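Numbering (my numbering), first residue to last: 182 to 684. For every residue, glycine included, the Cβ atom is placed at its ideal position computed from N, Cα and C. This structure is a prediction, so every number in the text was calculated from the model and none was measured. What follows is a short report on a single structure.
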């Protein structure tokens, strides 16, 4: 199987667990990326460069599940509801029909900097000794997420193209105290289930997961009086990696049983349909984004005494979910009130993820080996509501908004490694206009805060099964865990418009 070149990157996490400061670094990410077309290729490479090398790479923590809530500083100031009154290239992310608002040329660049605070806690009772062990993590990744777009609007036809980070997620934890599963016996007769002499059968667990998803969307819109129709094509690029390893509690030596997965670069296509209808003071809009299936085939290696270099091919796919959105904009004097309602079909795409291996290398919770590795996430569909208000004051615009979306994560599928638990979000924004009065350019700033929300896992969930089941003898242990997330985001944006017709 041909392998893709990979580039090294380094990330750093600081926290405190069980009285020990910890620090982690290391990982791999995809290297070379190509798409047809010189202009699109340069923009895509630039965006990937900013995503992966523009700062300390950390897992992206999106607000609505693993889907970002806004794709421009002007929209972010309104809590993700609707788009600019003068049109924007980044509307192709949600509703390409709104390209009809663009008159002349429009270029938009945006940078969102997300800082998430993820707190993970668990408690484990070792049934062999009657001793409780606790893990406590505070993880604060910072993710820079750029977006770029260009659009041109004429009398009837409008065209646009944008590249943006659609979503993703992940986390990384190390030095987690764990009951160590007896994965394999050493050839010299030392049983690995005893962790090389550790009588409590404990080891240090390290887990890292990364999922990144990028979209490039060319789109067009056609205006017929008050009605506008839009069509867009999504070109999706995704990568994923996952690592889980065990180390000796005292020496730090690598123990068997860990897994290391690297996906190939995956590509997929999707489509967008949108419409908008203008009344005197009101605009109504609706859109549909199709799901996109991408195949994250790759390699999986299992830490082993007997065959440390054994690698198995992996076949698997994942679907980015379909989404429906309806929205409105009401205009009255210097005020603009906007609202959106979106419904995302997470339950279909994030219910269960299956890895099919060429060889039976995966270790089940009861200690047997299998050619299949399944992750049961049990996500549910999500409906999110966003409302925002904008007040125009000559060359300034003041914005504020609120958004609510119940987390798609469930207690049965809760994991500290993917998805956020936040539900309530507020935002404040500011815009400064310059240039032509009819189609002004703008510099925009927005701040978003997602209030902390805690979720607790339940017995027999995926994460519980991987940590509470002991073998030899087979028995469950007391294991409790919870996850708490809050997010602060800063958006910076520039919209430059020229060549539009004067009113």
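Quick one: grab the DSSP three-state call for residue i.
i, result
"residue 667", "strand"
"residue 256", "helix"
"residue 269", "coil"
"residue 282", "helix"
"residue 585", "strand"
"residue 529", "helix"
"residue 274", "helix"
"residue 309", "coil"
"residue 482", "strand"
"residue 135", "With the chain covering only 182 through 684, there is no way to say anything about residue 135."
"residue 247", "coil"
"residue 352", "strand"
"residue 552", "coil"
"residue 603", "coil"
"residue 289", "strand"
"residue 571", "strand"
"residue 445", "coil"
"residue 487", "coil"
"residue 564", "strand"
"residue 661", "strand"
"residue 263", "coil"
"residue 592", "coil"
"residue 431", "coil"
"residue 494", "strand"
"residue 361", "coil"
"residue 451", "strand"
Quickly, what does DSSP pair residue i with across the bridge? List them, please.
i, result
"residue 315", "304"
"residue 501", "473"
"residue 420", "393"
"residue 542", "None, per the DSSP bridge assignment."
"residue 681", "According to DSSP, which records beta bridges pairwise, residue 681 is partnered with nothing at all."
"residue 510", "464, 519"
"residue 343", "330, 398"
"residue 558", "For residue 558, which the question treats as bridged, DSSP gives no partner whatsoever."
"residue 320", "299"
"residue 404", "409"
"residue 437", "Paired residue(s): none; residue 437 is not in a bridge."
"residue 697", "With the chain running from 182 to 684 in the structure shown, residue 697 is simply not present."
"residue 337", "DSSP, once it has assigned bridges, lists no residue as partnering residue 337."
"residue 672", "293, 627"
Can you list, in chain order, the residues of its chain with a C-beta nearer than 6 Å to that of residue i? Leave out the 5 residues immediately preceding and following it.
i, result
"residue 444", "420, 421, 477, 479"
"residue 348", "243, 247, 248, 249, 394"
"residue 502", "472, 525, 526, 527, 530"
"residue 615", "622"
"residue 578", "571, 612"
"residue 224", "The pLDDT assigned to residue 224 is 48, lower than 50, so where the model puts this residue is not dependable, and the model offers no usable value."
"residue 408", "458"
"residue 625", "254, 255, 612, 674"
"residue 596", "644"
Using a Cβ-Cβ cutoff of less than 7 Å, which residues in the same chain neighbour residue i once the five nearest sequence positions on both sides are dropped?
i, result
"residue 513", "462"
"residue 604", "585, 586, 587, 588, 634"
"residue 540", "493, 552"
"residue 593", "559, 639, 642"
"residue 557", "533, 594, 643"
"residue 426", "387, 435, 439, 484"
"residue 266", "517"
"residue 338", "401, 403"
"residue 669", "296, 630"
Using beta carbons (cut-off 8 Å, strictly below), is residue i in contact with chain C?
i, result
"residue 407", "Absent from the structure: chain C. Only one protein chain is present."
For residue i, which residues in the same chain have their Cβ closer than 8 Å to its Cβ, ignoring the five residues on either side in sequence?
i, result
"residue 271", "252, 253, 256, 264, 289, 291, 328, 330, 343, 345"
"residue 649", "305, 640, 657, 658, 659, 660"
message = Under 8 Å: do the stretch 426-444 and the stretch 395-404 share three or more Cβ pairs, one atom per stretch?
response = At 8 Å Cβ cutoff, the stretches do not touch.
key: Touching by the beta-carbon criterion (3+ pairs, under 8 Å), the stretch 384-401 and the stretch 341-357   = yes
ask   = Counting pairs of beta carbons, one from the stretch 296-315 and one from the stretch 256-263, are three or more of them closer than 8 Å?
value = no
query = Between the stretch 502-512 and the stretch 520-531, do three or more beta carbon pairs fall short of 8 Å?
reply = As far as the Cβ criterion goes, the stretch 502-512 touches the stretch 520-531, which means the pair count is three or higher.
query = At what residue ranges does the stretch 618-651 contain a whole run of the alpha helix (DSSP H), taking only runs of 4 or more?
reply = 643-649
ask   = Any chance the stretch 427-434 sits against the stretch 450-459, with 3 or more Cβ pairs inside 8 Å?
value = no
Stretch pair the stretch 664-676 + the stretch 287-295: three plus CB contacts closer than 8 Å = In short, these stretches touch, since the Cβ pair count reaches three.
request  = Determine contact between the stretch 546-565 and the stretch 610-617, defined as no fewer than three beta-carbon pairs at a distance below 8 Å.
outcome  = no
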